[in-house]
Ligand code: PMP
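Numbering (full-length UniProt numbering), first residue to last: 1 to 394.
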């Protein structure tokens, strides 16, 4: 039977990781894979995560199944983290999922069950997994303009023009903060405009929020999500705990479905639990329990927030340092967008040839579309990258 299978394209980022590993140069710099790294290049386990795990090891008395929707304490804690008191809890259905990817997948499946004729609008560009999952599910997809290659900011006019073609009931996938791969995000005024368009055209927002706490802070990063949740009747939210808790491999995420009223929220809840049942039955629990332990314990929560702030401020400092170096070297402000972008990524706006030059001539690895992981830098490598960017003619 396996002879009928087709070859799958190699994952570009994993291939890049392989090439980086094989590069013998001592001064090579990895700005590829989307994992947070500290100044020493490590992806540490956060202090609060270690403490919560120690507590679980000591106090957990069973590994029996949880509920199909996952542990309710996790859902409650995550709804509070993402939405605070934006709307009544009984309008929100939620399931724990294997990572943010699991939440995205379940959201697309839910859309497919309820409105298969809806087109799902995605930003151009977006996280490549959005596109590959949509393709895998045979979903109707269109893209809206998002990134202005000249300013490296959001192409608001293009986005609005493209969403002007969306039909009532279509779904618009938005990144709640820290857009991947560009790093460019709408301003508060632009979010207002997006909300007005969603309302006027009766569109359903689906928010993917995978980097809450990596941009301007936990509450600031959730502001757009909260605004949308309080402005529209129906909203889907896929949230990941991989980055802000640093628990990538624990596969911890949540899908929230905001319904227009309580009976519809109950129906959505039953359908979400059903989807978990069909796909993997019970969702992973360890990471979810670590997260709810941290979020419900004032001391652990404060320590987690403090460490997350260090991570966020560290990346912001690197952005500012890089923009300042490039201002000096280029004698212009054309790289100032690097300090405006938020999150782990920035799209540099280099051509594939220039990206290849950075790799071949300077040992600097970034994704082919010139997405670079800011967390792959440190204070010493920022000037190296800045000089290479100028030398490569970017
Ligand atoms: N959405 C976006 C935009 C992401 O960048 C990521 C992480 N790469 C995810 C969702 C989900 O990640 P995970 O499944 O590891 O939680």
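From the three backbone atoms N, C-alpha and C, an ideal C-beta is built for every residue, glycine too.
Every value quoted in this text rests on a predicted model; they were computed, and no experiment measured them.
For residue j and residue i, the rounded distance between their alpha carbons
i	j	result
residue 278	residue 137	15 Å
residue 173	residue 276	21 Å
residue 86	residue 100	21 Å
residue 21	residue 372	17 Å
residue 214	residue 171	26 Å
residue 290	residue 248	13 Å
residue 258	residue 68	19 Å
residue 318	residue 269	42 Å
residue 32	residue 105	24 Å
residue 395	residue 166	Because the chain in this structure spans residues 1 to 394, residue 395 falls outside the shown range and cannot be described.
residue 179	residue 342	8 Å
residue 255	residue 391	45 Å
residue 49	residue 294	7 Å
residue 192	residue 186	9 Å
residue 224	residue 16	33 Å
residue 260	residue 232	8 Å
residue 287	residue 144	34 Å
residue 131	residue 327	35 Å
residue 218	residue 250	21 Å
residue 222	residue 205	15 Å
residue 329	residue 350	17 Å
residue 64	residue 53	18 Å
residue 135	residue 128	11 Å
residue 27	residue 41	13 Å
residue 298	residue 78	15 Å
residue 73	residue 292	6 Å
residue 239	residue 283	15 Å
residue 12	residue 266	41 Å
residue 304	residue 245	8 Å
residue 212	residue 1	44 Å
residue 152	residue 335	9 Å
residue 243	residue 314	15 Å
Per-residue DSSP class, three states only, for residue i
i	result
residue 351	coil
residue 13	helix
residue 34	coil
residue 2	helix
residue 240	strand
residue 20	helix
residue 367	coil
residue 389	helix
residue 344	coil
residue 29	strand
residue 373	strand
residue 57	helix
residue 248	helix
residue 334	coil
residue 317	helix
residue 166	coil
residue 106	helix
residue 305	helix
residue 87	coil
residue 328	helix
residue 51	helix
residue 323	helix
residue 360	helix
residue 152	coil
Host beta strand (DSSP E) of residue i (start-end)
i	result
residue 205	204-209
residue 121	120-124
Residue(s) in a DSSP beta bridge with residue i
i	result
residue 175	208
residue 255	95, 238
residue 46	According to DSSP, residue 46 bridges with nothing at all.
Start and end residues, alpha helix (DSSP H) containing residue i
i	result
residue 292	286-296
residue 144	Here residue 144 belongs to no alpha helix (DSSP H); instead the beta strand (DSSP E) covers 141-145.
residue 337	337-340
residue 198	188-200
residue 163	156-163
residue 277	262-279
residue 225	218-231
residue 394	Neither: residue 394 is in no alpha helix (DSSP H) and is coded neither H nor E.
residue 420	Because the chain spans 1 through 394 in this model, residue 420 falls outside it and cannot be assessed.
residue 80	72-83
Beta-carbon proximity check, residue i vs residue j, cutoff 7 Å
i	j	result
residue 370	residue 385	no
residue 93	residue 272	yes
residue 126	residue 253	no
residue 81	residue 229	no
residue 169	residue 115	yes
residue 121	residue 140	no
residue 147	residue 188	no
residue 207	residue 176	yes
residue 190	residue 160	no
residue 47	residue 234	no
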